[in-house]
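If you read the sequences in order, they're chains V and D.
The first sequence begins at 20 in our numbering and counts up by one.
The second sequence begins at 20 in our numbering and counts up by one.
Heads up: the structure comes next, in structure tokens.
Protein chains: 2
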Amino acid sequence: MTSSSDAATALFESAIKGERRSLGKLLTAIERGGRQAEIIADLAHQVSGNTHVVGITGAPGSGKSTLTGRLLKLFSEAGDKLAVLAVDPSSPLTGGAILGDRIRMDDLAGEESFIRSMATRGHSGGLALAVPAAIQLFDAVGYEPVIIETVGVGQVEVDVAGAADTTVVVVTPGMGDAVQANKAGLLEVADIFVVNKSDRPGASDARRDLELMLDLGHVSGLEQMTGYRPPIIMANSLDGIGADEVLDAIKSHAEYLRNSGKIHIRRKERLVMEIQNRVELLIGSTASDILESELGAGYIANVLNRKISPAEAAKSIVGSILTKK
Amino acid sequence: MTSSSDAATALFESAIKGERRSLGKLLTAIERGGRQAEIIADLAHQVSGNTHVVGITGAPGSGKSTLTGRLLKLFSEAGDKLAVLAVDPSSPLTGGAILGDRIRMDDLAGEESFIRSMATRGHSGGLALAVPAAIQLFDAVGYEPVIIETVGVGQVEVDVAGAADTTVVVVTPGMGDAVQANKAGLLEVADIFVVNKSDRPGASDARRDLELMLDLGHVSGLEQMTGYRPPIIMANSLDGIGADEVLDAIKSHAEYLRNSGKIHIRRKERLVMEIQNRVELLIGSTASDILESELGAGYIANVLNRKISPAEAAKSIVGSILTKK
């Protein structure tokens, strides 16, 4: 056992006992990536697999942070010890995540809850590993549920949201927000829709757009198979309107997943996605190594000279990886 | 030579001669991906490497399509035979790209210019290959410049924009748009900034924010190395204000790249990125094959049973790939 493994194990045991500072340090290590992050992910994986994971996603400005804050308050009041992970684009200015509403969110949380931001920019591959590891860590430490808040714009963010047990997609009235969500691939991963800022003009249009899209079958394969139809909830998170309905919908969906056995399918899919991401990251770094080697420089020169195409260079590099001892 | 290779070669030769319908068919094949796309990319690569590639990116609603249309008109009027590739999120409703302003854009184009949309959703890996292949095809056929318009939200889109010779980042006043662009990683790839809708309140603030970020050095490594500082242009694309200034800035930047020899560095980086993307896609499919095999099912079961961790499963799978004959 190495000393870095010892340190991670000590922090992990301390976090399991309820040491919040240890949990914070473990999350920082997960965010940073590398060997330490992997040790922590391995430890957490062994004792995880129980918590319900809720993904909340929507465009910037859709009020999903405020809704998350409302849910945090409702869960906390009901005595739940929950964790919130806000996945934010990071700022090169600060080197960390821009917190936005996070400060107010702390006021809403119960003593027992844990709130954390995670940066995404510059290492989308890292995010794909860090988020599942953080979920498993929260799970291992005993947080239930775990809420993941993401900005639903990039493919990675959609993947992260889609990896949740229950995915809540937040849209706002006007500007074809439902159409935008559709474009971003969010409709297909949604288990619950929230039309936020429902006092604004166009709220009923947004609802109708979503109903139509559901009618047309542009939703997760789940509905086709099982008859589960994502509810559409009108909300105004600023006033707290609709948040209790969202909470009920999350609980109903969790119950539906458990009763139907679908929860096992979702969790298996999540693990398969994680394994696949880890495989691609491992091999991607092998490819980078080769590209930066003398061999790689030769391929690049030949591509620049139009002697071979990028596809041919890629095949040769993959060939040299596959035959590597 | 296979028949699919024959067909691609025939289409390619016809496109080189100026057959627009053949060019359209080639672009469709590139978008679809697979073997045919690769043959076309190989053919195009052999005779490409000359055209100047301009990336135009910004958040949805920043007016970048309108600006692109204005530039299209100015280039066309100056006698340039240019191509515009609009990279749009696709809609599951239509199965294709939502065209938005594209119809009006056709009105702006000269007889000689070529406008095309490309869908992104559902295959970000595919986009990473299709866009460079389309650029090389336009290049081979003799379009100059090639303008790539992307929505600057996801990492893939930033990568695509950043792979251009000259990258134009469009922001709008208000709502901390410059800060959002910063978050998305757009500032670092920008060669030219456009503050669009400059008649709106907050336009001068947006300009000041950008100047500040430039002062703080949050820009491409290029500035640090060479003293090139991205200009900030106030524009109102709806009225056409500022478009000629943007055109001049693009030409100045192209000249700067040529005179400094930096153009070769950019193009080499673009090719290396393309090779890397192709390697990762090739190996990713090998990983998928293994995950779907009996061997993979065994690993997944062990991960589900908490006997091994996802990281351990990934390492074993990579091991079996690396030792594969």
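Each residue gets a CB set at the ideal place from its N, CA and C atoms; glycine is no exception.
Assigned secondary structure, residue i (DSSP; H/G/I helix, E/B strand, else coil)
{"i": "V:Ile309", "result": "helix"}
{"i": "V:Thr1", "result": "Chain V is shown from 20 up to 344; residue 1 of chain V falls before or after that span and cannot be answered."}
{"i": "V:Arg347", "result": "For chain V, the structure presents residues 20 to 344; residue 347 of chain V sits outside this window and is missing."}
{"i": "V:Leu118", "result": "Model confidence at V:Leu118 stands at a pLDDT of 39, short of 50, so the residue's coordinates are unreliable and nothing is read from them."}
{"i": "D:Thr76", "result": "strand"}
{"i": "D:Ser136", "result": "strand"}
{"i": "D:Ala330", "result": "helix"}
{"i": "D:Glu288", "result": "helix"}
{"i": "D:Ala182", "result": "coil"}
{"i": "V:Glu57", "result": "helix"}
{"i": "D:Asn215", "result": "coil"}
{"i": "D:Thr169", "result": "strand"}
{"i": "V:Leu206", "result": "helix"}
{"i": "D:Ser239", "result": "Because the pLDDT at D:Ser239 is just 49, under 50, the model does not fix this residue reliably, and the value given afterwards should be weighed accordingly. In this structure, D:Ser239 counts as coil in the three-state DSSP scheme."}
{"i": "V:Leu104", "result": "strand"}
{"i": "V:Ser110", "result": "Confidence at V:Ser110 is low in this model, with a pLDDT of 33, below 50, so the placement of that residue is unreliable and no value is reported for it."}
Partner residues on chain D for residue i, Cβ-Cβ distance less than 8 Å
{"i": "V:Val291", "result": "Leu310 and Ile319"}
Proximal residues to residue i (C-beta, below 7 Å), its chain only, five neighbours per side dropped
{"i": "D:Arg121", "result": "Confidence at D:Arg121 is low in this model, with a pLDDT of 48, below 50, so its placement is unreliable and the value that follows should be read with caution. Counting only Cβ-Cβ distances below 7 Å, and skipping sequence neighbours, we find Ala105, Ile134 and Ser136."}
{"i": "D:Ala262", "result": "Leu86, Arg89, Leu90, Leu93, Ala254 and Ser256"}
{"i": "V:His272", "result": "Thr185, Asp210 and Ile211"}
{"i": "D:Leu42", "result": "Ala34, Phe133 and Val160"}
Beta-carbon contacts of residue i that lie in its chain and below 8 Å, excluding the five residues immediately before and after
{"i": "D:Leu276", "result": "Asp184, Thr185, Ile282 and Arg285"}
{"i": "D:Thr113", "result": "With a pLDDT of 31 at D:Thr113, under the threshold of 50, the predicted position of this residue should be treated as unreliable, though the coordinate-derived value follows. Excluding sequence neighbours, D:Thr113 sits near nothing in its chain."}
{"i": "V:Leu62", "result": "Ala27, Thr28, Phe31 and Ala159"}
{"i": "V:Arg226", "result": "Val214, Ile251 and Met253"}
{"i": "D:Ser22", "result": "none"}
{"i": "V:Asp267", "result": "none"}
{"i": "D:Gly82", "result": "Val189, Thr191, Asn215, Lys216, Ser256 and Leu257"}
{"i": "V:Asn321", "result": "Ile327 and Ala332"}
Per-residue contacts from residue i into chain V (C-beta, under 9 Å)
{"i": "D:Ser304", "result": "Those do not exist, as D:Ser304 stays about 10 Å from chain V at its closest Cβ, beyond 9 Å."}
{"i": "D:Ser339", "result": "Those do not exist, as D:Ser339 stays about 10 Å from chain V at its closest Cβ, beyond 9 Å."}
Beta-carbon gap between residue i and residue j smaller than 8 Å
{"i": "V:Ile340", "j": "D:Ile302", "result": "yes"}
{"i": "D:Pro329", "j": "V:Leu290", "result": "yes"}
{"i": "D:Val189", "j": "D:Gly74", "result": "no"}
{"i": "V:Val337", "j": "D:Val298", "result": "yes"}
{"i": "V:Ala332", "j": "V:Tyr318", "result": "yes"}
{"i": "V:Pro164", "j": "V:Thr70", "result": "yes"}
{"i": "V:Ile58", "j": "V:Ser24", "result": "yes"}
{"i": "D:Ala147", "j": "D:Leu46", "result": "no"}
{"i": "D:Leu233", "j": "D:Arg248", "result": "yes"}
{"i": "V:Ile167", "j": "V:Val66", "result": "no"}
{"i": "D:Ala182", "j": "D:Gly52", "result": "no"}
Contact list for residue i against chain D, beta-carbon separation under 7 Å
{"i": "V:Pro192", "result": "Residues of chain D passing the Cβ test: none, with the nearest at roughly 15 Å."}
{"i": "V:Glu299", "result": "Glu299, Gly303 and Ala306"}
{"i": "V:Glu19", "result": "Residue numbering for chain V in the displayed model covers 20 to 344; residue 19 of chain V lies beyond these limits and cannot be assessed."}
Chain V residues whose Cβ lies nearer than 7 Å to that of residue i
{"i": "D:Arg219", "result": "Within chain V, no residue comes near D:Arg219; the closest Cβ sits about 16 Å away, beyond 7 Å."}
Contact set for residue i: own chain, Cβ-Cβ below 6 Å, skip 5 residues either direction
{"i": "V:Glu131", "result": "Lys100"}
{"i": "V:Ala56", "result": "Ala48 and Ile49"}
{"i": "D:Glu264", "result": "Ile252"}
{"i": "D:His64", "result": "Gln155"}
{"i": "V:Lys44", "result": "Leu30"}
Partner residues on chain V for residue i, Cβ-Cβ distance less than 8 Å
{"i": "D:Ile336", "result": "Ile294 and Val298"}
{"i": "D:Asp61", "result": "Ser328, Ala330 and Glu331"}
{"i": "D:His71", "result": "Residues of chain V passing the Cβ test: none, with the nearest at roughly 17 Å."}
Under 9 Å by beta carbon: chain D residues contacting residue i
{"i": "V:Leu323", "result": "Gly68, His283, Arg286, Lys287 and Leu290"}
Indicate whether the contact test is met: 3 or more Cβ pairs, each with one atom in the stretch 213-223 of chain V and one in the stretch 319-336 of chain V, closer than 8 Å.
no
At a CB distance below 7 Å, what residues from the stretch 255-288 of chain V approach chain A? Give them in sequence order.
Of the protein chains in this structure, namely V and D, none is chain A.
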